[in-house]
Amino acid sequence: MNGEKAKELCMKSVLLCIVGAVVLTILLASTVLRPLFYTRNGQDLDLIITNHGIRDESSPEEDPGTNLEIKCIQGIDHEKIPETEGWYAGGYGLACERTDRETSLVIPVEDCRYITMILVSCSSAGPVTIQAGDTTEELDLYSPDWHRVVWNYRAPSTWSLWENRTDVLALFALCLSILLAACYFGKRRSNGAAAFQSLYHAGFFVVFACILVNIIRMRTKAEPGKLLTALLPFLALHFCLGWLCRKEKESVCVFRVGGVRLTVWDLLSAAGLLVMLQVQIYIGRQLAVNPSWDFGNVYYGAQEVVENGYLVTLNNGFLQYPNNLFAVVFLTTVFKLLAPFKTATIFTGIWLNVMMIDLAVILIFLWMRMVWTPRKAFYGAMICFLLSPYYLFVPIFYTDTLSLPFAAGAVWLYEWMRRREDAGKKALWGYLLLGMVCVAGYLLKGSLVVFAIAIVMHMLMGLAGQEEGRKDRRKKGSIRLGFFAAGFAVVFLIWKMWLPASHIIDYTEREKFEFPVVQWLMMGAGGDGNWSAQDQVLATNTDTIAQRTQVCTQMFQNRIRERGFTGMFRHFMNKGAKVTWGDGLYFTYEKLKRDPLYDSWLHDYVLQDGSHFQQLVRWTSGFHIAMLLFVLFSIWKGVGSRKVDSMALIRLVVLGFMLFFFLWETRPRYLVSITPLLAVMTVDGSCYLAALADKWRSRKKRQGGPEPEREMNS
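My numbering applies: residue 137 is where the sequence shown begins, and numbers increase by one.
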């Protein structure tokens, strides 16, 4: 009895400590996090007012008072500005009352963001009245006494964490879940690697499930019956293939090539790849477009470097977006290698794109064949054969598809090296090559830095999960990690030193044009989280990198403060479902409509104004949602896994991409780089679900079997 009371007292003490820790965490959050998440409408408003219409010797033809520029450091909410004539703000009209005597402007400070306003015409003879809150400033446009005024307005600060109960509950739930998870894993006495793996898989599952639910709600809002009609066949197909591949059975060898046993599944995969190649070539010809946007800059930039040895007309564009320079050098190298045989054209790029896509399919097939069986590898290859971007992005040889073999090659090479850990020094050189592949993918497509981070984490988790006393293996693992980091760092440094020395790009105007990295974070926190023309104007209206960094950082912080904790979570969920993960066409329709070279019957299906476009959207959405559903099952399988296996790396990369595009500016096409990994997770989730169904069927069969002989006799 005393033992029971002691146990009960101990449980109450533990519960009291947990509640106290939660309360303490929330109190700490109220003081530490409040300035970041819970600022209400108090802020400084700096208006920089410049009259460009003053007569001077440099511009005698300019009429006085016709060009008033007002820069508001915090800015104004675009959505609350009606369209009127006279004032223009980044493409949006601004409310402006115009009379015979004066022109007045009212700035809504309560919902202040950033805006640049230019008065392009003002026929009034009176002053311009600018009002912010209760403060008013009158400026006489015709007065030669002023050219630039900085006017500071301080709005009252009223903010408190406790005004929003939803935020308090969200923080409480987050802190409580972390504490309970820590207690759970502590009770199981799991090692650090297994506990960490289960923890991040659990969080990954919850967030990805929320995104998937939002995608289904978004897609079924208009015509739920038609989408369900398209979804069910793909669900049935995945389940049937998963049932076929649920058990590890050795396939019958048809014939051997060297030491490789080829099965019927390998032959079917090769046949499917040949069919895919023919379809890609046909679609690439039918849907070819004149290169534009960033894709055009890369193509024409490579043409300029081939002809002149350096960038000419596009130099300043690549100062703004230096992330595309490696793609220019990559295309330039290919075009120069082909120069003795053929002059590079758009169709040269299309052929290159086809080879890069198909190489990625081959590499991910080899990965699945190495880790699983030829039967599962065929299943994964079938998913790749049905992915819409592998056909519709063929005419657009941009970094989304050119980076595919680097992504698939990184996971294949890493797995190949892991299975040869006892190969001695050869394995070390393999890890050096792996680092080079990862840095090449990162330079080609910045988001592929996630692969390098995931590989390092996977290697560290593998080292942490090894048994104690095996110092030799941990030492070798640390050396491999060092070689991988060395390969990455050496190529990165060589690129950074070679680029200025090559004189491909002129850096003399760098201060004027280059954008800071925080600009893409600012875009990711605003609107729907995709690219914004208004944010682009915001960054270009400054003179130096330091000014652009300051303005973009301030804007990024303001957007986080305005949304709050729960607001940012809702923004991430909406951004993930609507912009990043919810498009089965991966934004191809937007790029294929830009200046097609030919009129094709396929345009009726792939362009938004086509008569059959909605049919394509419906079927691709059904395939895409079915794939994501089985990806979710694969994540759930990882929650209960205690092994740092091959699938742990795949899930780490996909999780990293999800988190990366929560923060970064995003588009649906940015996921094309990881579509081979999504195919792998689909196979894994489908086979896992089929294995569960098989286990349940076997259990029901045992329970429903004949009664024991003793009971029958009685």
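Even glycine gets a Cβ: it sits at the ideal position worked out from N, Cα and C.
Any contact between the region 776 to 785 and the region 571 to 583? By contact I mean 3 or more CB pairs, one from each, below 8 Å. Result no; under three Cβ-Cβ pairs closer than 8 Å.
Taking contact to mean 3 or more Cβ pairs, one atom from each stretch, closer than 8 Å, check whether the region 819 to 830 and the region 508 to 525 are in contact. yes
CB Q333 to CB M595, shorter than 8 Å? no
With contact counted as at least three CB pairs below 8 Å, one residue from each stretch, are the region 520 to 532 and the region 446 to 454 in contact? no
By Cβ distance, which residues of its chain are closer than 8 Å to W548, with the 5 residues on each side in sequence left out? L499, I500, L502, W503, M506
Identify the residues that DSSP records as bridge partners of V857: which are they? The requested residue 857 is not part of the displayed model; the chain covers only 137 to 850.
Contact set for R646: own chain, Cβ-Cβ below 6 Å, skip 5 residues either direction: Hits under 6 Å: L455.
For I771 and F431, which I take to be in contact (beta-carbon distance under 8 Å), what is that distance rounded to the nearest angstrom? Contact doesn't hold; Cβ gap of about 33 Å is too wide.
Whose CA, out of G718, A338, G618, I419, lies closest to the CA of R754? G718
I believe A463 touches L584 by the beta-carbon criterion, under 8 Å. Please report the beta-carbon distance rounded to the nearest angstrom. So it is not a contact: roughly 12 Å between Cβ atoms.
Return the residue from the list C574, E440, P510, M593 that minimises the CA-CA distance to V396. P510
Does the region 668 to 678 come into contact with the region 701 to 710, if we say contact requires no fewer than three beta-carbon pairs (one atom in each stretch) closer than 8 Å? no
Own chain residues within Cβ distance below 7 Å of Y527, not counting five before or after: V415, Q416, I419
Of the residues K362, E359, F344, F651, which one's Cα is nearest the Cα of Q683? F651
Going by the beta-carbon positions, is the gap between L564 and R616 smaller than 8 Å? yes
How big is the Cα-Cα spacing for V470 and Y457? Taken atom to atom, the span from the alpha-carbon of V470 to that of Y457 is near 22 Å.
Are three or more beta carbon pairs between the region 723 to 734 and the region 687 to 700 nearer than 8 Å? no
In this structure, what does DSSP give as the bridge partners for V425? P732, per the DSSP bridge assignment.
Exposed or buried, what is Q744 when buried is set at 16 or more other beta-carbons lying within 10 Å of its beta-carbon? exposed
For R347, which of S614, F466, L795, A496 has the nearest alpha-carbon? A small fix is needed here, since residue 347 is Ile in this sequence, not Arg. Of the candidates S614, F466, L795, A496, the one whose C-alpha sits nearest the C-alpha of I347 is L795.
Are the beta-carbon atoms belonging to P636 and Y722 less than 8 Å from one another? no
For D536 and S861, believed in contact at Cβ under 8 Å, the rounded distance: The requested residue 861 does not occur in the structure, where the chain is confined to residues 137 to 850.
The region 480 to 495 contacting the region 787 to 801, beta-carbon criterion three pairs below 8 Å: Contact fails: fewer than three Cβ-Cβ distances are below 8 Å.
Using CA atoms only, rank isn't needed, just tell me which of G623, I591, Y446, L488 is closest to F533. Nearest C-alpha to F533: L488.
Candidates H337, L335, L368, of which the one nearest T756 by Cα: L368
What are the start and end residues of the alpha helix (DSSP H) that includes F542? It spans 540 to 554 - the alpha helix (DSSP H) in which F542 sits, taken as one unbroken run.
Select from L733, D664, L807 the residue whose C-alpha is nearest the C-alpha of F483. Ranking L733, D664, L807 by CA distance to the CA of F483 puts L733 first.
Between R382, H739, K357, which lies nearest to K831 when the distance is taken from Cα to Cα? Measuring from the Cα of K831, the nearest candidate turns out to be R382.
Delimiting residues of the alpha helix (DSSP H) encompassing F651: No alpha helix (DSSP H) contains F651, which DSSP labels as neither H nor E.
Given a cut-off of 8 Å, decide if G613 and W800 are closer than it, judged by their beta-carbon atoms. no
Cβ pair G571, F624 closer than 8 Å: Contact check for G571 against F624 passes: the beta carbons are separated by less than 8 Å.
Please work out which residues of its chain come closer than 7 Å, Cβ to Cβ, to G792, disregarding the five sequence neighbours upstream and downstream, and give them in chain order. V586, I589, A590
Start and end of the alpha helix (DSSP H) containing A366? Counting along the chain, the alpha helix (DSSP H) containing A366 begins and ends at 360 to 380.
First through last residue of the alpha helix (DSSP H) which encompasses K773: 749 to 775
On a Cα-Cα basis, can you pick out the residue from F797, Y336, G485, L540 that is closest to V573? The shortest C-alpha separation from V573 is found at L540.
Exposure of W656, with buried meaning 16 or more beta-carbon neighbours within 10 Å: buried
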